[in-house]
Every structure is written in structure tokens, then in C-alpha cells.
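Visitor:
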Amino acid sequence: MTDPILSLSDVHKSFGPIEVLHGVNFALRPGEVHALIGENGAGKSTTMKILAGYLSQTDGEVIFEGNPIRFDHSDEAEDLGIIMIHQEFNLAEHLAVDQNIFLGRELKKGWRLDHGEMRRRSAELLQRLDCRVDPATQVNRISVPDKQMVEIAKALSRDARVLIMDEPTAVLTERETEVLFEQIERLREQGVAILYTSHKLSEVKRIADRVTVLRDGTMVRSGMVEEFSEHDMATAMVGRELSDLFPPKAEGGAETVLEVRNVSVPGMVENASLNLHRGEVLGIGGLVGSGRTELAEAIAGLRPRDGEVTVKGTALPPGDISAAVKAGLVYLTEDRKGAGLLLEKTLRENLTLPLLSEFGNPLINRRKEEAALSKAIEDFAIRAPDRGMAVGDLSGGNQQKLLLAKTLLSNPEIVIIDEPTRGIDIGTKQQIYQLIADLAAEGRSIIVISSEMPELIGLADRVVVMHSGEITGEVSGADVNEQRIVKLAMGMDAEPEGTAA
Amino acid sequence: MTDATAKKPAARRSSVNLQAIGPVVALIVLVLIGISLSDNFLSYANVTNVLARSAFIGIIAVGMTFVITAGGLDLSVGSMAAFVAGVMIIAMNAMTERMGVTLPVVLLGMLIALFSGFAAGMINGLLITRAGIEAFIVTLGTMGIYRSLITWLADGGTLSIGYQMGEFYRPVYYGGIAGISWPIIVFALVAIIGEIAMRHTAFGRHCAAIGSNEKVARYSSVAVLRVRLITYALLGLLVGLAVVMYVPRLGSASSATGLLWELEAIAAVIIGGTLLKGGFGRVWGTVVGVLILSLIGNILNLTDFVSPYLNGAIQGVVIILAVVLQRNTGPAR
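Keeping their order, the protein sequence lines are chains R and S. Quick note on numbering: UniProt numbering labels position 181 of the first sequence as 181, and the sequence is numbered without any gaps. Quick note on numbering: UniProt numbering labels position 14 of the second sequence as 14, and the sequence is numbered without any gaps.
1. Between which two residues does the beta strand (DSSP E) carrying Lys13 of chain R extend?
2. Should Gly279 of chain S be flagged as near chain R, meaning a C-beta pair shorter than 8 Å?
3. Is it true that the segment 443 to 459 of chain R meets the segment 290 to 304 of chain R, where meeting means three or more beta-carbon pairs spaced less than 8 Å apart?
4. Which chain R residues sit within Cβ distance under 7 Å of Thr201 of chain S?
5. Using beta carbons (cut-off 8 Å, strictly below), is Arg205 of chain S in contact with chain R?
6. Which two residues bound the contiguous beta strand (DSSP E) that contains Gly473 of chain R?
7. Ordered along the chain, which non-local residues of its own chain (more than five positions away) have a Cβ less than 6 Å from that of Gln57 of chain R?
8. Grab me the residues of Glu413 of chain R's own chain with a C-beta within less than 6 Å of its C-beta, minus the 5 sequence neighbours each way, in chain order.
9. What residues in its chain sit with their C-beta under 8 Å from that of Leu37 of chain S, if we drop five residues either side in the sequence?
10. Evaluate contact between the segment 209 to 216 of chain S and the segment 46 to 62 of chain S, counting only Cβ atoms and requiring at least three cross-stretch pairs below 8 Å.
11. Is DSSP giving Asp418 of chain R helix, strand or coil here?
12. Quick test of your reading: Gly117 of chain S and Val239 of chain S, contact by CB under 8 Å. State the CB separation rounded to the nearest angstrom.
13. Using three-state DSSP, classify Leu321 of chain S as helix, strand or coil.
14. Pull the bridge partners of Gly319 of chain R from the DSSP assignment, please.
15. Using the beta-carbon count (16 or more within 10 Å), is Lys154 of chain R buried or exposed?
16. Which stretch, first to last residue, makes up the beta strand (DSSP E) that contains Phe64 of chain R?
17. Closer than 9 Å between beta carbons: that is the criterion. Which residues of the segment 349 to 361 of chain R meet it against chain S?
18. Helix, strand or coil: how does DSSP classify Ser254 of chain S here?
19. My guess is that Pro30 of chain R and Ile63 of chain R are in contact by the Cβ rule of under 8 Å, so how many angstroms apart are they, rounded?
20. Is there contact here, the segment 271 to 280 of chain S with the segment 93 to 109 of chain S, by at least three beta-carbon pairs under 8 Å?
21. Checking contacts by CB at 8 Å: is Ala20 of chain S closer than that to chain R?
22. May I ask you to list the residues that DSSP assigns as paired with Leu107 of chain R?
23. Can you tell me whether DSSP reads Glu270 of chain R as helix, strand or coil?
24. Spatial neighbours of His22 of chain R within its chain, please: CB distance less than 7 Å, with the 5 preceding and 5 following residues excluded, ordered by chain position.
25. Which two residues bound the contiguous alpha helix (DSSP H) that contains Thr151 of chain S?
26. Using CA coordinates, which residue listed in R:Pro145, R:Pro454 and R:Glu474 is at the minimum distance from Ala42 of chain R?
27. In this structure, how does DSSP classify Phe359 of chain R when only helix, strand and coil are distinguished?
28. Quick one: grab the DSSP three-state call for Arg462 of chain R.
29. Let's see if you can read the secondary structure: which residues bound the beta strand (DSSP E) around Leu108 of chain S?
30. Using a Cβ cut-off of 8 Å (strictly closer), state whether Ala131 of chain S contacts chain R.
31. Three-state secondary structure (DSSP) at Glu413 of chain R?
32. So which residues of chain R does Tyr219 of chain S contact, with C-beta pairs closer than 8 Å?
33. Let me see if you follow: with CB-CB separation under 8 Å, is Val190 of chain S close to chain R or not?
34. Hey, out of R:Leu8, R:Glu32, R:His34 and R:Leu36, whose CA is closest to Asn25 of chain R's CA?
35. Can at least three beta-carbon pairs, one atom from the segment 307 to 315 of chain R and one from the segment 353 to 372 of chain R, be found at a separation below 8 Å?
36. For Ala70 of chain S, decide whether its Cβ has a neighbour in chain R, counting only Cβ atoms nearer than 8 Å.
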């Protein structure tokens, strides 16, 4: 076995008082594809970022070619040939391909840029990758997989010895994935060490030489890929007892309050149908990017759609959020800071924004607003040092509670909550779970979208699972367990539509 | 830990207050300078003159405050004012021929001015919201179009209202109640209504929300496009109103009418503390901004201290200073 080029030895990482990595040991070897798998929040990104010099460890050592090393900046790692390709591309959209490849390390002839040489070398690199993009094309005109190739070409131009890829196939089709795999194999033959993360276990099985499973910041299993079946991987990723973090599940009534028929959002969601009953908590599972959020936004009138959405017998017009709110259906966004709250504004202004007309017309009744805020602070146990402070200065948990209060202000009957507890501490999580259960007990109907399996399982009585924009299955009652959901989410248990798998 | 979190918002609030009173302090300083340099400064004639001349830009700047607060911009208002004035004068002259020098002609002329302004604002707004073209580009385009149209209507010269009609209409600028001239009264009313609309109505709150984060506003079921459209239409209407006050002053319109008004209006808004990127606006600040700009010119004219030709330079310094002060209070978050 070759010696590791880059490894972690008993690495711990804490953010503030919270330790997220508890002693990870991990080695990358030249000419080997190493897959790192685990649930969201298991510590994959943190591990990768430590390897690539974007974060530094709290304790333990990063070892490069046998010597402990400490990166103060990712540039230092890049200089050693350790290059990370992020899930969101780091490309300047308006620059040409070759300008991107040499961005920050432009080749020069005297004081002038050597355009010819950069273009020639870019063409060479792209050819090596079997990518037929003209280096002179602007990046915003090339396809997503081509962008991926440009990222790889950029890495190669820096003589990558370690290539870290964060879910490179999340944005690729099957065909494009094939091309990527050919490139990965080529790089492996050239002796590059590759770290690869993916939620798609079948891919891991195919491409990886070695697999490491992370769970809750701990390495639970590591070994050659032959030692794992896909099922083993899923079990290793999951295998966790659920504590009583969750209140008892409510049983839904018989009355259907929301009917979704053949809803499609071009390129995002295809023919999705589902029903929601009174007093029920319905989960929507699936990977990030599987179309969950898009489906929810289409239902809530935030996206154009085809297909029908009916609330208690009344059809909702597409793309009309006010009509949805009037019909008693609201959506709580997963993007708290980008779409949920005005960070520079006060709690009061945020709380009443969706329903200002209820607070006096034409003049807003400030006292009524303050009263609503007092009630929200009490009902949702929002902890704000100062009522007049900007929402951006609240903690994530308190922001989420305020967002809940804001969304529920119109007293809706149907509530779609997208990622109810993203980036929130465990105590607040529990409060929010209790709140969701209470809402259901009051006879409201809830849809919970979540990437966190335990959350779906702990909250939902019935779970609909999506994969690549389609609903691949539904589980309910005792079938609501992690393995069933993970399999559906990975597209492994899909209805025999693509029997080729 | 708790100490630190408790201190942070307090520190910020005090700096916001400092920023809030900044323009007022500048205005007071200017008034004091004016008093100390010229005996005429506080005379009835001078005060009335300054305020009445401020009224045109002021009325427009109040509308501009809403546009900018909602994250927009309108460069066309100066040209629009000239064009609307031209249309109004042509229409009134035509009507005078048939109906004589009568009150209905004046009232109809006013209605025409208000309507043309409103329509022009709607065109800007529709192009920006429905066609999805950037506000800067749309209004840069219409700025050129209206400027060119007034030049064409006036055939390169000046459009003048008939002499008798002009005499009849004059009191709308020069007359008033209890010694306060009409433009000042109208400006005050517009400012007061604007301030209330900005602070105490859903419309004002929605403008700030859209300017602060359009996506959040949309997800909060705010009718983003409609609110945007209304800000431009409202601004157009106020341009019409400013023209109604302006035409009786000189009784004419030419290609030089309303030149650079858009920049003065925008400058007044910014000096007043409204954020150029949107998200926060205050109408009273804009009023203070307008007064600051007018006073600079007035003081230079009254005194020999600095050449009046340097008016623009001093205004420029004030604008930049105002923005620098704003930046200090709105750090990267």
C-alpha cells in the first residue's frame, strides 16, 4: 500500500462550545478514490474544509507527506496541490473559460497578459478532460457539467495532487456523471488522491476504492469498498436511536384539506401528486436538490407551475401567493436569511409584514403591532435582549421562532415548513418539534420538509419521498424508518420505471 | 457574554440617532452661517424665495424618496417635468383660444399636467416591473426621450403661455394664504402626507421591505411589482404637481426647463438619510436635504464670501459627506 499523501490524525473541531468532529482519523493515498459519506450534519464538509485549509482543526494533526502541517489559508494548501471543488462553483460567470482557469495566476508576457498561451494551455487541459468547450466561451453560456469540467481543469492547471470534490454529481445527469467518472479514473491513474462525497451510494460503490462513514462527527466505519454493500453503507450512516426529542405523533383525520395533482415545475418537479389530511403531519423527504422545496413553493404560489392544487375543494391559481394565504395555506422558507426575514429591520416590522392590512388601513396601528409582538414573544418563547433590535442580531433559533410566528400570524390551516430546524441548537429544536405537534393537535395540517432523517421520522406519520424531481414513494406508520426513506431518496427503491439500474 | 450582547444594540442605536440628526445639524449650521453673514438672510422676502424655489425639487424629491426606498431610481424626472410643462402650455394655449382666459382652462390645464405626469411615471414603472428592465436604464432612456420631445415641441426655442393667461395663472406661484405662497403650502402638505405614508401605512412599510430584500417581501406575500409600479406612478404624479406650481412662475417651458432636477432630487433624498440601495427611507430627511441644497445656493448668492459659481462644488462635497456618514452606520452585515 502506498503511503498517504494527506491525512488527519485524531482531529477535533469545535465551533464555539460545540464540538462537531470528535477525533477523526483519515488518510488519502495517491491513486486512490476515497469516498466520505454520512448524513447532513455528520461532519463531512468540516472534514473536507480542514483538509483543504479552509478551516483549522481545534485539536489533532493534519499530516502532509508524513509531516504535520498547519494551513493558515486555503491558498497555502493550493500551493501544495491540495484543491477543493465546492458544491457551488467558484467561477466568475462573465469571464471566459480560460480567464477563469487562470484567474488570479494569469500568465504574463512582460507586463501584458499572455492571452494566447493561456488559451492554448486551457484548450490542452480541457482536451485532457475530454471536454469540448471552447476556452473563449463565457462561463455563463456553458452547461453545468461543463462548468464542473472547468473547475477540474482549473484544479489540474494548479498541478492538483489531492482533489477534494464535494458532491460533484449532485448537479449532473447520469450521462454527465459517466463522463465525470471517466475523468476521475484518469486522474486516479495519474496518481492524484481524490476525496469524493456523495449521497448517491450506488455511485460510491462504483467509483470509490475506499469508503469512510461519518456519523455525528465520529468515524464509524472505514474500509475498502468491497467490504461494504450499499445497504451496509446506509445502515452505518444512519444507525442511531431516536431519543424522546419528539412529542407523540398525532394521527391525521379523514378529511382531505389539500390535494396536489400532477404538479410540475419545469426542470425541477415532475408530476407530483399528494394529499394532506386534517390534523396530519406529512413529511417530504429526499436529498437536497430533489425538488422538495420547488414543489412546496409551487404549491404555495411562489413558483409558476402546471397541475392542480386544491385547498378544501377550491383550486388555487398558480403563482399567486396571496390567494394561497387567503385560502389558509402558508409556506415557511428554508432560506431564513435570504427569503424569510428582513435582517436589518426590527422584530415588529418583520412579524407583521405579511399581514399589514390587518393592522389598520390606511394607517398602521402601532399599538396593535406591539401587542402582536408581545404575544409572539410569549407564545413562541422568543428571546430578544431588546424589542427594538435588528432581527439579524438574534440567534438562529430565535430568528426561526420569529419566522414561525410571522408565518403563522394569518392563522393558517395548512402550514408547509421547509427545514424547520436548520442551523438550530438542540433545545430550540425540541421546542419547535413540540410546536409542530401542537399545531397538528389544534387541527391544522402540516407538511414538514427536512434533510434530517430523524426529524422526518420523529415528526411525520406519513412520509413522501422525492428523488430527482419525482415522488418515488410513500411510507407510513411502521414503515417510516430511515432505511426505507434513504433508499427511496437515493432512487434505489424507485418504482420499476428505470429497470436498467 | 450577556454583557456584550446587551451592549451591542445599544451602541448601534446611539449611532443611528447620530445619523438621524446629522442632516438637521447641518441645516442649523447653514442657517447660523446665513444669519451671521447676511442681514437679509432672515428677511421675509428671502425666506419665502428660498422655500418657494425649493418646492419644485422638494415635491419631486418626496416622490423620489419612495422610489429609492423601494430599491429603484428615476433619472427622468427633470426631463419629464419639462415635457409635462410643454404639454400643459400647449394645451392651455389651445383651450384659451376657444374658452378665453377663464378658470376652467386653468383647472383643465392642471388636470392635464397631473395626468401627463402620472402617465409618464406609469410608463417608467411598467417598463421596469413588467418588462423587467433595470430602472437605471429605463429612466436614462426616457430622460433622453422627454428632453428631446420638449426641444421638438418648442422647436428648439421656448414655449410660452399666452400673456393674459399667464397673468391670470400667476397667483398660483406668487399668491398664497396668510403670506405663505402656494408652492410652500403644497410642498408642506406633500411632505406631511409623504412622511405619514412612509412611516404609518402599509405602502411605506412595503417599500422599505422591497428595498431591503425583495425576495423576503415576495415570500411575505407583498405585491412587489404593484408596489414598485405605484412608486413610479406616484413620482410621475408629483412631477405633474410640481409643474402645476412651476409654470405660473415663468409662464414658459424650454429645453432647459428642469435641467438636472433629477440629480438634485436624488441628492436631496440621499442627504436626508435615505439609503441609495433602498430598504430605508425618510421623507422628513428628504425635506431637510432639499433645504440644505437650496440654502447653500442662497447663502453663496447673498454673500461675497465664496463665488456663487462654486455652488455646485459645495453641494457635491455635502452629498459625498452625507454618503460617507451613511456608510459608517451601515457596516457590512
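The beta-carbon is built from N, C-alpha and C at its ideal position, and this holds for glycine as well. None of these values were measured; they are calculated from a predicted model.
Guide: Let's see:
1. Leu6 to Phe15
2. yes
3. yes
4. Pro362, Leu363 and Ile364
5. yes
6. Glu470 to Ser476
7. Val11, Lys13 and Ile50
8. Gly328 and Arg444
9. Ile299, Leu302, Thr303 and Phe305
10. no
11. strand
12. 4 Å
13. helix
14. Note: Gly319 of chain R sits in no beta bridge, so no partner.
15. buried
16. Asp59 to Phe64
17. Glu349, Asn350, Thr352, Leu353, Pro354, Leu355, Leu356, Ser357, Phe359, Gly360 and Asn361
18. strand
19. Going by Cβ atoms, the distance from Pro30 of chain R to Ile63 of chain R rounds to 14 Å, so no, they are not a contact pair.
20. no
21. no
22. In DSSP, Leu107 of chain R forms no bridge with anything.
23. strand
24. His12, Gly217 and Thr218
25. Ala135 to Leu153
26. R:Pro454
27. helix
28. strand
29. Per DSSP, Leu108 of chain S belongs to no beta strand (DSSP E); it is in the alpha helix (DSSP H), Leu103 to Thr129.
30. no
31. coil
32. Leu302, Ile321, Tyr331, Thr333, Ala339 and Gly340
33. no
34. R:Leu8
35. no
36. no
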